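Engineer:
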Amino acid sequence: MRSQTYQQFMRNMDQIIELLDDTESPNFDTDEVDENVECISSKMLNAMSNDVAKLKAKNVLDLIPKNKLTLLINYAMRNVYLAKNYSCGPDDDDEIVDDEVMEKILNAIEASLLVCNIYSTVSDLKFLQEDNIALIIKFLQFQLRETIFPSYDSVYTVKSVKKSDNRKKSKYYHNQHRNLQLLYSKVVELMKVFVMLFDKCIFVDTIVLPLSALSIEPFFVDNIETLQFVCLELVTTVHIQLSCVLLKLDLYINGSRRI
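For the sequence shown, position 190 (counting from the first letter as 1) is numbered 190 according to the numbering used here, and the numbering increases by one without interruption.
#1: How many Å lie between L72 and D31 at the Cα?
#2: Can you give me the Cβ contacts of T226 inside the same chain, cut-off strictly under 6 angstroms, excluding the 5 residues immediately before and after it?
#3: Since F142 is in the alpha helix (DSSP H), which residue starts that stretch and which ends it?
#4: Could I get the ranges of all uninterrupted alpha helix (DSSP H) runs contained in the segment 190–246, with 4 residues as the minimum, in chain order?
#5: Going straight from the alpha carbon of L61 to that of P218, what length do you get?
#6: Between A76 and A47, which are expected to be in contact by the criterion C-beta below 8 angstroms, what is the C-beta distance as a whole number of angstroms?
#7: Express the C-alpha separation of Y119 and F127 in angstroms, rounding to a whole number.
#8: Between the segment 97–117 and the segment 49–64, do at least 3 Cβ pairs fall closer than 8 angstroms?
#9: Between Q8 and the rest of its own chain, which residues show a CB-CB distance below 7 angstroms, the 5 nearest in sequence each way excluded?
#10: Exposed or buried, what is L19 when buried is set at 16 or more other beta-carbons lying within 10 Å of its beta-carbon?
#11: Please say whether V238 and V208 have beta carbons closer to each other than 8 angstroms?
#12: In whole angstroms, what is the alpha-carbon distance linking D21 and E38?
#13: With the cut-off set at 8 angstroms, would you say K56 and N117 are in Cβ contact?
#14: With DSSP as the reference, label L20 as helix, strand or coil.
#15: Counting only runs of 4+ residues fully inside the segment 19–88, write out the alpha helix (DSSP H) ranges in chain order.
#16: Please report the residue range of the alpha helix (DSSP H) in which P150 lies.
#17: For K104, report the span of its alpha helix (DSSP H) as first-last.
#18: D14 by DSSP, collapsed to three states: which one?
#19: Could you name the residues of the same chain whose beta carbon sits closer than 8 angstroms to that of L280, not counting the 5 residues immediately before and after it, in chain order?
#20: Please report the straight-line C-alpha distance between L232 and S154, rounded to a whole angstrom.
#21: Checking 8 angstroms against the spacing of the C-beta atoms, do V80 and L135 come in under that value?
#22: Rounding to the nearest angstrom, what Cα-Cα distance links V33 and I224 in this structure?
#23: Can you check whether the CB of L140 is closer than 8 angstroms to the CB of L214?
#24: In angstroms, rounded to a whole number, what distance separates the CA positions of I202 and I109?
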């Protein structure tokens, strides 16, 4: 494979594998986050995510060694881990809400896109790790509830009784507006990838049920029509998948009874 995108992706992936320690394993089950965990840089993450999308369109990701892709996915999940407790909604007035926090959230969404684009393309379903999908769904649901919904619909904003500096808040909203729009577009893009992923694979209930809830919640929020449109497609895809599973189960049970 001699395409420039493929060669660039392989070089960047080898560089990431060489730089990062593969013995580190972040614990997603704890509330606390180890901020010292090494992860993929913003610049490299964006480049890798863009290249994966291009390689996905060419359907050539199966040519990449699975052991390297597995390492890349493990490293990308560290970005999701680092942002799992952060949000940047209008209720987050504390000093901790700054450009660094928003960068971590955007990196986590980009990492989620990278992982899900790989999973939705490779032909070997044994390669897919359902735990990673579950963690991404959990992170995405947190961002929808804590960042997207309150930012686009004031009904979801918790009114604070604390005094606040209006000038500081005004500056905060001005600085965050562009990043918020970027986050929203990335969330929509990730939802589209979920449609492809769930059209391809059959998942366990612990993944299907949270995703179903996640895809229904946006219909109760105003000013996010684009996201609602994609969620409608996702709900339909999940419903069709569940219907097929139930039909097969019913046929199996009826067949067993006849025997």
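Idealized CB from N, CA, C, for every residue including glycine.
Since we're looking at a predicted model, the values are computed, not measured.
Structural biologist: The short version:
#1: Going from the Cα of L72 to the Cα of D31 covers about 24 angstroms.
#2: Contacts found: V188.
#3: E130 to Q143 is the span of the alpha helix (DSSP H), which, as asked, contains F142.
#4: Given a length threshold of 4 residues, each whole run of the alpha helix (DSSP H) inside the segment 190–246 is given here in chain order: 205–216.
#5: About 32 angstroms.
#6: In this structure A76 does not touch A47 by the C-beta definition: roughly 13 angstroms separates them, more than the 8 angstroms allowed.
#7: F127 and Y119: Cα-Cα distance of roughly 8 angstroms.
#8: Output reads yes: the segment 49–64 touches the segment 97–117.
#9: The beta carbon of Q8 is closer than 7 angstroms to those of D51 in its chain, skipping five residues each way along the sequence.
#10: It counts as exposed.
#11: For the 8 angstroms CB-CB criterion, V208 and V238 form a contact.
#12: In a straight line, the C-alpha of D21 is about 8 angstroms away from that of E38.
#13: It is a contact, given that the beta carbons lie within the stated cut-off.
#14: In the structure shown, L20 sits in coil (DSSP, three-state: anything other than H, G, I, E or B).
#15: Counting whole runs of 4 or more residues, the segment 19–88 contains the alpha helix (DSSP H) stretches 42–58 and 66–82.
#16: Segment F149 to Y152, the alpha helix (DSSP H) holding P150.
#17: Per DSSP, K104 belongs to the alpha helix (DSSP H) from D99 to Y119.
#18: Residue state for D14 is assigned as helix, using DSSP reduced to three classes.
#19: It is not possible to answer for residue 280, since the shown part of the chain is limited to 1 through 259.
#20: Each residue's alpha carbon lies about 23 angstroms from the other.
#21: In this structure, V80 places its C-beta atom within 8 angstroms of the C-beta atom of L135.
#22: Distance between the alpha carbons of V33 and I224: 31 angstroms.
#23: Contact annotation: L214 and L140 have beta-carbon atoms nearer than 8 angstroms.
#24: Computed Cα separation, rounded: 23 angstroms.
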